[in-house]
Amino acid sequence: MAVITKTLSFQTRGNDDMIDITSSVQDALSSSGLSSGIVVVFVPGSTASVTTIEYEPGLLKDFPRAMEKLAPRGIRYDHDATWGDGNGYAHVRASTVGPSLVVPFENGRLMLGTWQQIVLVDFDSRPRSRNVIVQAQGV
Numbered sequence: 002m003a004v005i006t007k008t009l010s011f012q013t014r015g016n017d018d019m020i021d022i023t024s025s026v027q028d029a030l031s032s033s034g035l036s037s038g039i040v041v042v043f044v045p046g047s048t049a050s051v052t053t054i055e056y057e058p059g060l061l062k063d064f065p066r067a068m069e070k071l072a073p074r075g076i077r078y079d080h081d082a083t084w085g086d087g088n089g090y091a092h093v094r095a096s097t098v099g100p101s102l103v104v105p106f107e108n109g110r111l112m113l114g115t116w117q118q119i120v121l122v123d124f125d126s127r128p129r130s131r132n133v134i135v136q137a138q139g140v
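Residue numbers (the numbering used here): 2 to 140.
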């Protein structure tokens, strides 16, 4: 069984910026030469997440609204008192959604649903340069 690792880079706007990275992950998988197995998509850092969603205008509005209810800005976070950076909400949001995702693949293609895309979500309070690690394991 082979393991192939690639790093993808993205510029984000922060503030719940959501980027569809499906085609980039598929390209990384395609270049691996693997036919079937699993691919792990992972974002290092504690204020960004990787998940799946139907990447469409309504959900691009709905998702940040849901995150605002879950971990609102403008309330007291002990993290902010400790570090003074004002992004405690971003840490809570990112830890709730999670930093990674596992997707099976077959015949060199991600086995996603018809309306399912892989997204990088940057919850931080400022624009960032984010790396996403794509690691494919298979044959």
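Idealized CB from N, CA, C, for every residue including glycine.
Cβ-based burial, residue i [other Cβ within 10 Å; buried from 16]
| i | result |
| --- | --- |
| Ala-29 | buried |
| Leu-71 | exposed |
Residue i vs residue j beta-carbon contact at 8 Å
| i | j | result |
| --- | --- | --- |
| Pro-65 | Asp-123 | no |
| Val-98 | Thr-52 | yes |
| Pro-100 | Phe-43 | yes |
| Val-26 | Ile-119 | yes |
| Gly-109 | Leu-35 | yes |
| Asp-125 | Thr-48 | yes |
| Ile-76 | Gln-138 | no |
| Phe-11 | Val-133 | yes |
N- and C-terminal bounds of the beta strand (DSSP E) containing residue i
| i | result |
| --- | --- |
| Pro-105 | 101-107 |
| Ser-38 | According to the sequence as given, residue 38 is Gly; it is not Ser. Where Gly-38 is concerned, the enclosing beta strand (DSSP E) stretches over 38-43. |
| Ala-3 | 3-13 |
| Asp-81 | That residue, Asp-81, is in no beta strand (DSSP E); its alpha helix (DSSP H) goes 79-84. |
Residue i - DSSP class collapsed to helix/strand/coil
| i | result |
| --- | --- |
| Thr-52 | strand |
| Gln-138 | strand |
| Gln-118 | strand |
| Met-112 | coil |
N- and C-terminal bounds of the alpha helix (DSSP H) containing residue i
| i | result |
| --- | --- |
| Thr-97 | 89-98 |
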